[in-house]
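Chains as they are written, first to last, in the working numbering: chain U, 675 to 1231; chain E, 1264 to 1341. Everything below concerns the one structure shown next.
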Amino acid sequence: MRPAGKGALESLYFDYPQFAAPRVPELDGTATRHPVLIVGAGPIGMTAALVLARYGVRSVLIDRKDTFNDGSRAICIARPSMHILERIGAVAPFVEKALGWRYGRSYYRGEQIFRLEMPQPPGEKYLPMYNLQQQYIEKFLHDAVAANRLIDMRWQSELSVIERRDDGVTARISSPAGDYRLDADYVLAADGARSPVRTMLGLRLKGDNYEGRYVIADIRMDHDFPTERRAFFEPAGNPGGTVLIHKQPDNIWRVDYQLREDESETDALKEENLRARVGAILADIGHTKPWELEWWSVYSANTLCLDDYRHGRVIFIGDAAHIVPIFGVRGLNNGLADAENIGWKLALVLNGEADERLLDSYSPERRGATLDVFANATRSTRFMTPPSRGWRLMRDAALSLAVKHEFTREFANPRQMTPYTYADSPLTVRDPDDDGAAASRGPLAGAACPNARLADGRHLLDLAGPGFTLLVVCDRGPDAAASRCFERLRQVDPALVVCVIGSTALPDADRSIAGALGAEQGSVLLLRPDLHIAGRWRRLRADRLQAALRQALGHSA
Amino acid sequence: MKLDDPRPQPSTLPFDELERAYEALALALDAAGPGRESLLLTRLALVLAHRGGDLAAFEQALAVALDGLVEGSVDGSA
Ligand SMILES: Cc1cc2nc3c(=O)[nH]c(=O)nc-3n(C[C@H](O)[C@H](O)[C@H](O)COP(=O)(O)OP(=O)(O)OC[C@H]3O[C@@H](n4cnc5c(N)ncnc54)[C@H](O)[C@@H]3O)c2cc1C
């Protein structure tokens, strides 16, 4: 919602573009079959299109709207998402515009009880979190989409009918330029929380709804405080409820406040009531200067997802597949990981480099990640909006003890997003020779690969290829047997990139790279295109590595 | 008596177990209901005092719990 007298897209700081419906070949009777149709040009659909394009795969990307999402929705981009944006060539404007951060504070009745400090290992390239309004996220992605000739972006184009077959999908698209039929090999449904594709397929999200309601308001003010997450429990400005404050670019601040059970949503959303409450919250944090209202909305937490993200040739990504609570900032970040996961798999299948069975791993991997998000988010949601008197008493006990005692402070930790480990994935190799579990220092098979700073200032993950990457720790450089092994692997993945850590090309004098990987002399790690570890071994064994690579490409053993 | 004894406490719970205790107690409070939750908590404290076998430790824990006791927001006063 916007203040009285303002249009739906009349923002204090963002100019909404207006995109026309294109004249498409289908309307002139030229029907081509497209490899991929992506329904929904929100952040997740656009990212999926860019991931596919990275592998040379064309897509048609449709959206029924004529511009970006209204209002600022998601604002926190986590480190793994920055890596995804980097790999699709879109990260530069994000780095320039977004506000990076790693600290936070929680207060109880005005007293600080918890200091959030997100880890920043020395080898990492990006900060743990960046704040940026969703409009900018969509704009920057769209700039990359518009510049990419492999993506056929069609605004004001609504999917109205979908028909699935074993060998493809037929869709009916309605646009102001006319209605037409579109044939595709695969459909990625990125059509958001209310996904019409989901409804057309007769599917339903399953899970829980939480009672607690939050008002989300964006305001503009000149307010001097670093970019940190601030959480206020029982503040004077919002008695009986919690308040969250985040800083965004352009002097925009996000104020989230919890409504008490006895408050009516309709009253709370009235502009004068909202202004009074935000004013009281700002007075409480010492802001007495003027401020302007940009946009507001109401929100309650859900943990909902589909039983299966893939239905033949229709694959669900982003909010269409799952809805997660905002506490812990996973909605957007979880969806970006979906887009990358299905993107590289589908591209390799369409390019004939992987078996179609590779697609079977998408749902277990990404649904597993969502269930993990639910487990964490359920805990933080129970803390942020206690669902019953018992939970509320427990929370108040923990918070009031935390004022003087360390032992309950950890309950106030927001448990921000950590990347999920694909430990049980059909693509992950558990080898008896696996060194990860034994060493129990480095990342396990299935985990996201940590980064490390190189002697020349670049980072280890900058060297990874678009396909699979082999990291070998070897001071002496590869011998003849090792070179033969690399050749065998290239027969399976011609794009394989091999990095020999400790070689003259990639020196590791202080062993910081090997250390970050928890790897010893001779250790080998196989990275997937999304830079998760497909498997790790104590030494180079051509037969095992080749089997692992085939497994990670969906081939039978 | 010092409330936050800086010496390492020999047998405190690791956080993940404390969290499980938190969850179990939340469920027990809801099961007891508002009319009986005080009795539940008092009984729990007595059981823990008995099983802990250390009167001084119990008295210290009691002092920690009493110190800074604020008006409970659950009862709608705040
Ligand atoms: C008020 C609010 C606050 C939020 N805050 C946060 C936050 O702080 N952190 C966080 O991580 N996440 C947050 N989220 C969630 C985040 O905004 C979503 O996770 C994210 O937008 C999901 O992106 P998406 O691309 O999957 O879906 P969407 O952004 O919803 O995009 C779906 C697109 O599909 C299009 N579409 C739908 N049906 C059709 C059709 N039939 N034909 C063609 N196009 C169609 C729509 O027009 C839309 O553009 C918030 C969401 C809301 C609503």
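Note that CB positions come from ideal geometry on N, CA and C, so glycine has one too.
* Asked: Is the beta carbon of G992(U) within less than 6 Å of some heavy atom of ligand 1?
  -> yes
* To do: With DSSP collapsed to three states, give me the class of P850(U).
  => coil
* Asked: What residues are listed by DSSP as bridge partners for K880(U)?
  -> C979(U)
* **CB contact below 7 Å: S1316(E) versus chain U** => According to the sequence shown, residue 1316(E) is Gly rather than Ser. Not one chain U Cβ lies under 7 Å of G1316(E).
* Taking all protein chains shown into account, do 16 or more other C-beta atoms lie within 10 angstroms of the C-beta of R903(U), making it buried, or fewer, making it exposed? -> buried
* Residues near D865(U) by beta carbon distance below 6 Å, same chain, minus five either side -> V713, G714, V871 and A994
* At least one CB of chain E closer than 7 Å to the CB of L1045(U): is that the case? -> no
* Closer than 7 Å to chain E by CB, S971(U) -> no
* Compute the distance between the beta-carbons of L801(U) and G774(U), then report whether it is under 7 Å. => yes
* To do: Kindly indicate which residue of Q809(U), S733(U) and A820(U) has the alpha-carbon position closest to the one of D859(U).
  => Proximity to D859(U) across Q809(U), S733(U) and A820(U) peaks at S733(U), based on C-alpha coordinates.
* Which residue spans inside the region 913-971 of chain U form an unbroken beta strand (DSSP E) run of at least 3? -> Counting only runs of 3 or more, we get 916-922 and 926-932.
* **Beta-bridge pairing of R984(U) - partner residues as DSSP gives them** => I989(U)
* Which listed residue (P709(U), D1098(U) and R949(U)) has its alpha carbon closest to that of T844(U) -> P709(U)
* Write down every uninterrupted run of the alpha helix (DSSP H) in the region 1117-1185 of chain U whose length is 4 residues or greater and which is fully enclosed by it, in chain order. => 1154-1166
* Using the beta-carbon count (16 or more within 10 Å), is P850(U) buried or exposed? -> exposed
* Does the beta carbon of P870(U) fall short of 6 Å from some heavy atom of ligand 2? -> Within the structure as shown, ligand 2 is missing, the only ligands being ligand 1.
* To do: Could you name each continuous alpha helix (DSSP H) segment of 4 residues or more that falls completely within the region 772-840 of chain U, going from the start of the chain to the end?
  => Segments of the alpha helix (DSSP H) lying fully in the region 772-840 of chain U: 808-820.
* To do: Verify the contact flag: K739(U), CB atom, against every heavy atom of ligand 1, threshold strictly below 6 Å.
  => yes
* Using 8 Å as the Cβ pair cut-off and three pairs as the minimum, do the region 892-902 of chain U and the region 872-880 of chain U touch? -> no
* Under 8 Å from the C-beta of A1072(U): neighbouring residues of chain E -> Correct list: Y1285.
* Do L1067(U) and L1329(E) have their C-beta atoms closer together than 7 Å? -> no
* What's the C-alpha gap between R868(U) and L711(U)? -> 19 Å
* To do: Could you tell me the boundaries of the alpha helix (DSSP H) in which G1064(U) lies?
  => R1063 to A1076
* Asked: Is any beta-carbon of chain U found at less than 7 Å from that of A1289(E)?
  -> yes
* Asked: Can A748(U) be considered in contact with ligand 1, in the sense that its beta carbon sits closer than 6 Å to one or more heavy atoms?
  -> yes
* Asked: Do R1053(U) and E968(U) have their CB atoms nearer than 7 Å?
  -> Result no, Cβ atoms of R1053(U) and E968(U) do not sit closer than 7 Å.
* Give the straight-line distance between the Cα atoms of P1088(U) and S746(U), rounded to the nearest whole angstrom. => 21 Å
* Distance cut-off 6 Å: V713(U) Cβ against heavy atoms of ligand 1 -> yes
* **Span of the beta strand (DSSP E) around P709(U)** => R707 to V713
* List the residues of chain E that E1084(U) touches, going by C-beta distances under 7 Å, in chain order. => F1278
* Would you say the beta carbon of S974(U) comes nearer than 6 Å to a heavy atom of ligand 1? -> no
* Asked: DSSP three-state call for T1102(U): helix, strand or coil?
  -> In the structure shown, T1102(U) sits in coil (DSSP, three-state: anything other than H, G, I, E or B).
* Taking the CB atoms as reference points, tell me whether C750(U) and M792(U) lie closer together than 7 Å. => no
* Asked: So, does the CB of G1331(E) fall closer than 7 Å to a CB anywhere in chain U?
  -> yes
* Identify which residue in G1120(U), A1071(U) and S974(U) has its Cα closest to the Cα of G1042(U). => G1120(U)
* Determine the chain U residues that contact T1275(E) at a beta-carbon separation under 8 Å, and present them in chain order. => F1081
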